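Residue numbers (my numbering): 35 to 334.
This report concerns only the one structure given below.
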């Protein structure tokens, strides 16, 4: 049954929240909007927008609202940023922390330099893309506008890997990282692979010019060790190691760390990873770097 409701605010997960009690959560809606919804199967869906918010804008991705990768692309930047900041304020307040929260810093930069694509096989087709919201169904995509241009070959390479492993009929997660010297791919979910398939994967890696191809972190082929710059240091990237989603995000965080550590002669980095802070700080201080990931420590 179609029901008309008014949206009061946007919840912390990005859904519009109705003024009713108990509230109704409606995806892709904004404060003040009057919308028609359908809840036949227990899941609220947006049917149409009867009265749109003046803050509504057109999404920049053709897959938005089908692909579950992004929750909000339909809101003007200023109210969106205020909403994100308020989430931080509310979270801190619930923990009893009263402090000043600065405005949001846009650190998207050139885009995400790492992406995990999902591959599934359905009715003889190989689907590579992202999951729908709250679903295991895959939306096959041809492009993604939030990715760094350095990941331009990621989708083609992931599709080729998925097609090659099609005979195994297993759900795959294919993590692709744009290292400074090429794409680094780690395939997960395949289970053991035959020697023949490994040979074919090696040929595929060469064909697509991959820096490295691994399976669950185990090396299949390395044409050149994938590296990323941490300040002035070149770091060999361990398979699957944590990396800030965008280079601009890493630079922004590192600048703040350097600012607050200014003048310090001895610094302990207690969750150092592959060194985004420690290696920059090392130019001006003695660093004691600690992490539970032995591969990350070995890369420093």
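Just so it is clear, CB atoms sit at the ideal spot from N, CA and C, and this is done for glycine as well.
Nothing here was measured: the structure is a model prediction, and the numbers come from that model.
Note to self: In whole angstroms, give me the CA-to-CA distance for residue 159 and residue 216.
What the structure shows: By 1-based counting over the chain shown, the position of residue 159 is 125. By 1-based counting over the chain shown, the position of residue 216 is 182. When rounded, the distance between both Cα atoms is 28 Å.
Notebook entry, point to check: residue 175 and residue 163 look like a contact to me (Cβ under 8 Å); what is the Cβ gap, rounded to whole Å?
Noted result: In the chain shown, counting from the first residue as 1, residue 175 sits at position 141. In the chain shown, counting from the first residue as 1, residue 163 sits at position 129. The pair is a contact, with the Cβ atoms about 4 Å apart (cut-off 8 Å).
Next item on the list: Look at the Cβ atom of residue 60, then the Cβ atom of residue 80, and state whether they are nearer than 8 Å.
Entry: Numbered from its first residue, the chain shown carries residue 60 at position 26. Numbered from its first residue, the chain shown carries residue 80 at position 46. Contact flag set, yes.
Next item on the list: Give the single residue among 276, 199, 205 and 77 whose Cα lies nearest to the Cα of residue 212.
Entry: If you number the chain shown from 1, residue 212 lands on position 178. The residue with the shortest Cα to Cα distance from residue 212 is 276.
Notebook entry, point to check: Would the beta-carbon of residue 218 be found less than 7 Å away from any heavy atom of the ligand GDP?
Noted result: Among the components of this structure there are no ligands whatsoever, and the ligand GDP is therefore not found.
Notebook entry, point to check: Just checking, does the stretch 114-132 make contact with the stretch 95-104 on the three C-beta pairs under 8 Å criterion?
Noted result: The answer is no - the stretch 95-104 does not touch the stretch 114-132, with fewer than three Cβ pairs under 8 Å.
Margin query: Buried or exposed, going by whether 16 or more other CB atoms sit within 10 Å of the CB of residue 88?
Written below: Reading the chain shown from its first residue, position 54 is the one you call residue 88. Classification of residue 88: exposed, given that the 10 Å Cβ count is below 16.
Check: Is the beta carbon of residue 246 less than 8 Å from the beta carbon of residue 214?
Finding: One-based indexing of the chain shown puts residue 246 at position 212. One-based indexing of the chain shown puts residue 214 at position 180. Residue 214 sits away from residue 246, with the two beta carbons spaced by 8 Å or more.
Checklist line | 8 Å Cβ cutoff met for residue 54 and residue 68 | finding: Position 20 of the chain shown, counted from the first residue, corresponds to residue 54. Position 34 of the chain shown, counted from the first residue, corresponds to residue 68. No, the pair does not count as a contact, with Cβ atoms beyond the cut-off.
Next item on the list: List the DSSP bridge partners of residue 101.
Entry: Numbered from its first residue, the chain shown carries residue 101 at position 67. According to DSSP, residue 101 bridges with 98.
Check: To the nearest angstrom, how far is it from the Cα of residue 286 to the Cα of residue 241?
Finding: Taking the first residue of the chain shown as position 1, residue 286 is located at position 252. Taking the first residue of the chain shown as position 1, residue 241 is located at position 207. C-alpha of residue 286 to C-alpha of residue 241: approximately 36 Å in a straight line.
Notebook entry, point to check: In chain order, what residues of the same chain have a beta carbon less than 8 Å from the beta carbon of residue 280, not counting five sequence neighbours either side?
Noted result: To locate residue 280, count along the chain shown from 1; it is residue 246. Non-local beta-carbon contacts of residue 280 in its own chain, meaning distances under 8 Å to residues more than five positions away in sequence, involve 141, 142, 143, 144, 145, 146, 147 and 182 in chain order.
Check: Where does residue 210 sit, in a helix, a strand or coil, going by DSSP?
Finding: On the chain shown, position 176 is the one that residue 210 refers to. If DSSP states are grouped into helix, strand and coil, residue 210 belongs with the strands.
Notebook entry, point to check: CB-CB under 7 Å to residue 121, same chain, minus the five flanking residues each way: which ones, in chain order?
Noted result: If you number the chain shown from 1, residue 121 lands on position 87. Only 46 meet the Cβ criterion.
Item checked: N-terminal and C-terminal residue of the beta strand (DSSP E) that residue 160 is part of -> The count along the chain shown starts at 1 and reaches residue 160 at position 126. 159-165 is the span of the beta strand (DSSP E), which, as asked, contains residue 160.
Next item on the list: Please say whether residue 330 and residue 308 have beta carbons closer to each other than 8 Å?
Entry: Counting from one through the chain shown, the residue named residue 308 turns up at place 274. Counting from one through the chain shown, the residue named residue 330 turns up at place 296. With respect to the 8 Å criterion, residue 308 and residue 330 are classified as neighbours on the basis of their beta carbons.
Next item on the list: For residue 216, write down the residues that DSSP places opposite it in a beta bridge.
Entry: Taking the chain shown and counting its residues from 1, the one referred to as residue 216 is at position 182. The partner list for residue 216 (beta bridge, DSSP) reads 213.
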